[in-house]
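So the sequence lines, in the order shown, correspond to chains A and B. Be aware that the first sequence starts at 236, since it is given in the working numbering, and climbs by one per residue. Be aware that the second sequence starts at 6, since it is given in the working numbering, and climbs by one per residue.
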Amino acid sequence: MLIDRSHRTWIALCVVALAVSTAIYVPYVRHALNGPSGGSFVGLTFGIIGSILMVFAGVLGARRKVPMWRLGRATFWMRGHIWLGLLSYPLILFHGGFGLGGPLTLVLMVLFTIVIISGILGVLLQQVMPRLLLTRVPLETVFEQIDSIVAQLRTESDELVAAACGPIGVEGSPVAAATVTATATSLERRAGGGLGDRGGGHQPRSTPRAHPTPLPPTPESGILRETYLREIRPFLDPRGSSNGVLSNPGRSQTLFRDLRTALPTLLHPTVGELEATVEERRQLRDQKRLHHWLHGWLLVHVPLSLALLLLGAAHAIIALRY
Amino acid sequence: MAGPGDPRYTQKIRAKRIALNYFKRPHPFRRWRLILSIAAPLVAAAWLLVYAGQGDQRIYNSGTVSVAHQMFWQDCKVCHGPGPAPGATTLAAAGPTGYWAHVSDNACTACHAGPAHHANEQFTPRCASCHLEHKGRTLLMEAADQHCTQCHKDLKTKDGQPPVFNASIASFREHPQFAVDVRPESGLLPAAGGKLERVKLDDKAKLVDHTAIKLNHTRHLKAGLAGLDKVVAKSGTAGIVTVKDGGKESQQLGCTFCHRPDATWQYMQPISYKEHCSTCHELATGIGAILAPHDKPPIARAYVWGAAADLFTSCRGKIPAGDDGKALRESCEAAGIAAAAPAPAPGAPAEEAPSGRRRRGAFMPELLPEALRNAALGLDLKDLKEIVLAQRRRGGGEEEAAPAAPSAPSEPESGGRRRRRGGEEETPPPAAGGGGAGGGGGAGAWASEQLPNAENALFKTKDDGCQKCHKFDATKAAAPLPEVIPPKIPARWLPHSKFDHSPHRPIACGECHKAAASSKTDDVLMPAIITCRDCHQPKGGARAGCVECHRYHDKSKERDADGPYKIPALLSGVGRKGPDRIK
Numbered sequence: 236m237l238i239d240r241s242h243r244t245w246i247a248l249c250v251v252a253l254a255v256s257t258a259i260y261v262p263y264v265r266h267a268l269n270g271p272s273g274g275s276f277v278g279l280t281f282g283i284i285g286s287i288l289m290v291f292a293g294v295l296g297a298r299r300k301v302p303m304w305r306l307g308r309a310t311f312w313m314r315g316h317i318w319l320g321l322l323s324y325p326l327i328l329f330h331g332g333f334g335l336g337g338p339l340t341l342v343l344m345v346l347f348t349i350v351i352i353s354g355i356l357g358v359l360l361q362q363v364m365p366r367l368l369l370t371r372v373p374l375e376t377v378f379e380q381i382d383s384i385v386a387q388l389r390t391e392s393d394e395l396v397a398a399a400c401g402p403i404g405v406e407g408s409p410v411a412a413a414t415v416t417a418t419a420t421s422l423e424r425r426a427g428g429g430l431g432d433r434g435g436g437h438q439p440r441s442t443p444r445a446h447p448t449p450l451p452p453t454p455e456s457g458i459l460r461e462t463y464l465r466e467i468r469p470f471l472d473p474r475g476s477s478n479g480v481l482s483n484p485g486r487s488q489t490l491f492r493d494l495r496t497a498l499p500t501l502l503h504p505t506v507g508e509l510e511a512t513v514e515e516r517r518q519l520r521d522q523k524r525l526h527h528w529l530h531g532w533l534l535v536h537v538p539l540s541l542a543l544l545l546l547g548a549a550h551a552i553i554a555l556r557y
Numbered sequence: 006m007a008g009p010g011d012p013r014y015t016q017k018i019r020a021k022r023i024a025l026n027y028f029k030r031p032h033p034f035r036r037w038r039l040i041l042s043i044a045a046p047l048v049a050a051a052w053l054l055v056y057a058g059q060g061d062q063r064i065y066n067s068g069t070v071s072v073a074h075q076m077f078w079q080d081c082k083v084c085h086g087p088g089p090a091p092g093a094t095t096l097a098a099a100g101p102t103g104y105w106a107h108v109s110d111n112a113c114t115a116c117h118a119g120p121a122h123h124a125n126e127q128f129t130p131r132c133a134s135c136h137l138e139h140k141g142r143t144l145l146m147e148a149a150d151q152h153c154t155q156c157h158k159d160l161k162t163k164d165g166q167p168p169v170f171n172a173s174i175a176s177f178r179e180h181p182q183f184a185v186d187v188r189p190e191s192g193l194l195p196a197a198g199g200k201l202e203r204v205k206l207d208d209k210a211k212l213v214d215h216t217a218i219k220l221n222h223t224r225h226l227k228a229g230l231a232g233l234d235k236v237v238a239k240s241g242t243a244g245i246v247t248v249k250d251g252g253k254e255s256q257q258l259g260c261t262f263c264h265r266p267d268a269t270w271q272y273m274q275p276i277s278y279k280e281h282c283s284t285c286h287e288l289a290t291g292i293g294a295i296l297a298p299h300d301k302p303p304i305a306r307a308y309v310w311g312a313a314a315d316l317f318t319s320c321r322g323k324i325p326a327g328d329d330g331k332a333l334r335e336s337c338e339a340a341g342i343a344a345a346a347p348a349p350a351p352g353a354p355a356e357e358a359p360s361g362r363r364r365r366g367a368f369m370p371e372l373l374p375e376a377l378r379n380a381a382l383g384l385d386l387k388d389l390k391e392i393v394l395a396q397r398r399r400g401g402g403e404e405e406a407a408p409a410a411p412s413a414p415s416e417p418e419s420g421g422r423r424r425r426r427g428g429e430e431e432t433p434p435p436a437a438g439g440g441g442a443g444g445g446g447g448a449g450a451w452a453s454e455q456l457p458n459a460e461n462a463l464f465k466t467k468d469d470g471c472q473k474c475h476k477f478d479a480t481k482a483a484a485p486l487p488e489v490i491p492p493k494i495p496a497r498w499l500p501h502s503k504f505d506h507s508p509h510r511p512i513a514c515g516e517c518h519k520a521a522a523s524s525k526t527d528d529v530l531m532p533a534i535i536t537c538r539d540c541h542q543p544k545g546g547a548r549a550g551c552v553e554c555h556r557y558h559d560k561s562k563e564r565d566a567d568g569p570y571k572i573p574a575l576l577s578g579v580g581r582k583g584p585d586r587i588k
């Protein structure tokens, strides 16, 4: 969520609440005979309020599971999650008197700190990453479909190179053994079907592009095939390494320029198509990386938040008992 | 660059690449988020369950339990809750604990008496309000100053009377000057129930140490003190320091020659005449080389009489020739025995002694001379026993065989005579101040003749003998023998505080006790509070809390050391019920 002017009310509310809490905490510490304690009236009050805020922040996940319920706007919940969750940290510190206590409270504070830091990191990333995606990944697509799309790109490239150079002889490729025509017919049949891989799991959806027209064979087409198989095709592997010569735009440009120089004009459109495909692959790689940054913190934030709430409940029960 | 503007990348073409049901399939990212979201709470729950299954609650402790209570930290309810019922033989709680189970005093007093601080205190705080648990491996007695100053900052009493102690002490910085107990000018301790006067160390007019002992510290701490070579020869160099005196090194008595810490290193052992004084300050009697014992005057007198008689006997006996008998010969000559002693009466009768073996010096009142028993010395049976023990010490305690039957011609019974070793007659010592009470000549008579001189040397000279260091009780001046006022040098001058010399070892004694400049016996050498504050302040680094010097509980009222619990009963309170004894 972008932190903008609409958050001013929340920020002001939290700053005031923190100031009031500090104004209560400082004299309390100075006059407490035994120092600050979570079991004292003031300490317990801080603990209860902090816990309520933590629970409120934690409920965001549950709220998202029932988006149709009339429980306030999603932005309200997200803003509350951010600012009240942030406010809960100093309140819990006041509750514990800035001490770590025993084993359980130590674990709680470690978890809480990690959750808060990961949350802050997430908020910061959300201020930067979407803009980066816009500028660096014009061909942004659905994250979950990136691998599928990369597979489609490779299939299209296989067809393209097969049309220009003849069968490329790669195992697993739709044009590996069959003739280009037969494969193209098959793909064409699926292309208009929409849900081409309804039950296919990881099978890529059929290519939406028009199938290439086979070109007359030329002696230099071997260079194209070799370059494709050595450099371009591995780069288009969804599970393969996206590093290498083509991962660098400058070196990629040099490679394709050299390729054009070596090939006859007849094959230049094919080279241009491949270069555009490589560029799209590069953007999808960047999108994947940025997406991991943008959402990877959730792999820490969410599970540890749940553990924190569970252990916090145990702490509250035992602490209130003794 | 491939982008939205490129006709090959129209929205339609890009949309066609996307499977319409992609959201129904689990993506690795979402799948991992789900797995971790389940696993993390499961791990947390498993952690709690494992400890719960073992009945171990230590993870819920709000901090490490103090050293003394380590064995209870697995079971919260041992301390939190009502505590055991009075007279219970286990630590099990007397009632249900429920919620909000604070530590009750009852739980503490199950093991600790916690004697009251003061009978007149306005209120008694809960045990747990001062002794803070779960603060790490600390000592629970180290309570913060606020616990003390909540009363002592503005001290009030339960009965409304003005407090005995300073009514306003907020911190060590504001602590009044130390006060010591001083004796009255007579040097006598007050009778039972009486109180010594408390005088502050800055009250120079009243601050006079009337302890009945005389000592000039300056003289004793002088470099090159006469007799030090004898001290070193006898006691070694422990407590002797080497100093530079006018460019040359010389030896000097150090403070620790006399003031030696006790086993706990808290306080000092009492001064001992035998260890610290006797080498230089011998109690010469003027009878040969006989030295009086450091004991009560009647005992010393009896000892001297016996020693003189022994000397006489020895001198009149066979004295080994050469170096073996040289010391005895000199002693005899010094005592003038060779010239003045009468010859033993030929065939002097020997007193019949009881048959069998007896330990020489054993307390046998029936054998004590009648005259000694009747002497107006004010001696009771205890004193008589002391006399016999003194004689026993003098004689080395070796056993002698009492003859089963008289082997020498008997002499007519005469009161107070008994047979001495070697067949000499023994005449009891005369009453003090009197002449020779024993009849006849011999060792006893000669010893009785020497006693007045010995008494003069011991009791009547101011510069030597007993009065060099001791004071006699002036109220008993008419008694035949003087009575020494017991010095009873205070082991602790500040009875309302505790002090530990051990952590103060790095500091020279003279930094606190200005003994080197004290030439008067009545100087009080306790350090004023300003000396303590040099270190015991924030900048000094040493702690300055109340509990550094004071104790809250009256330990004299601590309960009996014989506790109420058996080991299994105690362990049952901490969750160990089985007999898992380590063999």
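Ideal placement from N, C-alpha and C gives every residue a C-beta, glycine not left out. Just so we're clear, the structure is a prediction, and the values are computed from it rather than from any experiment.
- In terms of beta-carbon proximity, G357/A stays away from the interface with chain B, with every pair separated by 9 Å or more.
- Between L486/B and F504/B, the gap from beta carbon to beta carbon reaches 9 Å or more.
- Taking a contact to require three or more Cβ pairs closer than 8 Å, the stretch 498 to 505 of chain A and the stretch 347 to 361 of chain A do not qualify as touching.
- Here Q361/A has M236, L237 and L529 as same chain residues with Cβ atoms under 8 Å from its own Cβ, once five neighbours each way along the sequence are excluded.
- For M273/B, the three-state secondary structure derived from DSSP is strand.
- Within 8 Å of the CB of Q380/A, the CB atoms of chain B belong to R22, I23, A24 and Y27, in sequence order along the chain.
- For V405/A, the secondary structure class from DSSP, reduced to helix, strand or coil, is coil.
- A distance below 9 Å separates the beta carbons of P449/A and A398/A.
- The three-state secondary structure of E488/B, taken from DSSP, is coil.
- In summary, E394/A is buried, with 16 or more beta-carbon neighbours lying within 10 Å of its beta-carbon over all protein chains present.
- Relative to H180/B, the option among P167/B, A332/B, I295/B and I534/B whose CA is nearest is I534/B.
- Not flagged as an interface residue toward chain B: Y324/A, since no C-beta distance is shorter than 9 Å.
- P189/B and R142/B have their alpha carbons spaced roughly 47 Å apart.
- Close CB contacts of I174/B within its chain, under the 6 Å cut and outside five residues either way in sequence, are with H157 and H180 (chain order).
- The Cβ atoms of K163/B and N125/B lie closer than 9 Å to each other.
- Under the 9 Å criterion on CB atoms, Q257/B is classed as non-interfacial with respect to chain A.
- With its beta carbon less than 9 Å from one in chain B, Q387/A belongs to the interface.
- Contact check for F347/A against G278/A fails: the beta carbons are separated by 9 Å or more.
- Counting only unbroken stretches of 4 or more residues, the alpha helix (DSSP H) elements lying wholly within the stretch 16 to 71 of chain B are 16 to 21 and 33 to 58, in sequence order.
- Residues of chain A whose Cβ lies closer than 7 Å to the Cβ of A97/B do not exist; the shortest such Cβ separation is about 16 Å.
- Exposure of M146/B is indicated by the presence of fewer than 16 other C-beta atoms within 10 angstroms of its C-beta.
- Counting of Cβ neighbours within 10 angstroms places G282/A among the buried residues, the total reaching 16 or more.
- At the C-beta level, A459/B and I295/B come within 9 Å of one another.
- DSSP lists no beta-bridge partner residue for Q522/A.
- Taking C-beta separations shorter than 7 Å and ignoring five residues to either side along the sequence, the partners of I381/A in its chain run L519, Q522 and K523, following chain order.
- Against chain A, the CB of C514/B has no partner CB under 9 Å away; the residue lies outside that interface.
- For a cut-off of 8 Å, the C-beta gap from L326/A to G273/A is around 12 Å, too long to register as a contact.
- The C-beta of M344/A has 16 or more other C-beta atoms within 10 Å across all chains shown, which makes the residue buried.
- When C-beta atoms of the stretch 198 to 212 of chain B are compared with those of the stretch 222 to 238 of chain B, fewer than three pairs fall below 8 Å, so the two segments do not count as touching.
- Each residue's CA atom was taken as its position, placing E515/A and R308/A some 37 Å apart.
- Around the beta-carbon of V72/B, fewer than 16 other beta-carbon atoms lie within 10 Å, marking it exposed.
- Under the DSSP definition of a beta bridge, D469/B lacks any partner.
- The residue from A332/B, V185/B, V237/B and V309/B with its alpha-carbon nearest to that of H281/B is V237/B.
- For Y263/A, not one C-beta of chain B is nearer than 9 Å to its own C-beta.
- DSSP, reduced to helix, strand and coil, places V529/B outside both helices and strands of the structure shown, so it counts as coil.
- In the three-state reduction of the DSSP assignment, L145/B falls in the coil class.
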